[in-house]
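-4 is the number of the first residue of the sequence shown in my numbering; add one for each residue after it.
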Amino acid sequence: MELVEQAGSEVAVLIRVPSPLRDPSLPPADGNSAGSLTLATTRLAQARAELRDHRWEQSVGTCRKVLEILARTVKVPDADEVFNTPRRRRTQEQQWAAMYHTLKDMTHPAHHDTPHTSQFNWSRPDAEAILAATAGLLLRYNA
């Protein structure tokens, strides 16, 4: 990554998301949340592999699964609560929840087959942006 940045052709961003099974420095969690976080990080790795294999739609769909697991693992404020609060009056937690719900909505078409969603055409930049945002939210909510 450093050589690419030095060449000036692009900027690389690394997001590290600890996994209970991969990071021995993490404290043990109860079985339910550990299983969910383990599954979420496993799915995140799956989405990264799908991206590497040029399977953009599958990568975005797998990110959607990560977001669904995240909502079962931590308390994310409800979408109605967030979006019914005027933007400038939202708490920091509501702002993060707005990102979560917007990203979840964005990934919806890749996760469902309907006449409408079949019109979506996912690209590498789409999948990379969604993967980075999903990893960032997973890191933020489990920090």
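Even for Gly, the Cβ is constructed at its ideal location relative to N, Cα and C. Here the structure is a predicted model, which is why all the values come from computation and not from measurement.
Which runs of the alpha helix (DSSP H) at least 4 residues long sit entirely within the region 24 to 102? Give them in chain order.
26 to 47, 51 to 68, 74 to 78
Using DSSP with H/G/I as helix, E/B as strand and the rest coil, what is Asp121?
Three-state result, Asp121: helix.
Taking 7 Å as the cut-off, decide whether the C-beta atoms of Val61 and Trp117 are in contact.
no
Cβ of Ser31 within 7 Å of Cβ of Thr68?
Yes; because the gap between Cβ atoms is below 7 Å, this pair is in contact.
Pairing CB atoms from the region 119 to 130 with CB atoms from the region 96 to 106, are three or more of them under 8 Å?
yes
Between Leu133 and Ala35, which are expected to be in contact by the criterion C-beta below 8 Å, what is the C-beta distance as a whole number of angstroms?
Separation of the CB atoms of Leu133 and Ala35 is rounded to 6 Å, and the pair is thereby assigned contact status at 8 Å.
Where Arg119 and Ala66 are concerned, what is the direct C-alpha to C-alpha distance, given to the nearest angstrom?
Their backbone Cα atoms lie some 26 Å apart in a straight line.
Cα separation between Val8 and Gln90?
The alpha-carbon separation between Val8 and Gln90 amounts to approximately 23 Å.
Rounded C-beta distance between Ala93 and Val12? I'm assuming under 8 Å.
Contact doesn't hold; Cβ gap of about 21 Å is too wide.
Pick helix, strand or coil for Thr109, following the three-state DSSP scheme.
coil
Only counting the same chain, and skipping five residues up and downstream in sequence, which positions put a Cβ closer than 7 Å to that of Ile64?
Ser31, Leu34, Ala35, Arg38
Cutoff 7 Å; reference Thr80; Cβ partners in own chain excluding five residues on either side
Gln89
Ile10 versus His111: straight-line alpha-carbon distance, rounded
If I take the Cα positions, the gap works out to 33 Å.
How would you call Ala44, buried or exposed, if buried means at least 16 neighbouring beta carbons within 10 angstroms?
Ala44 should be labelled exposed.
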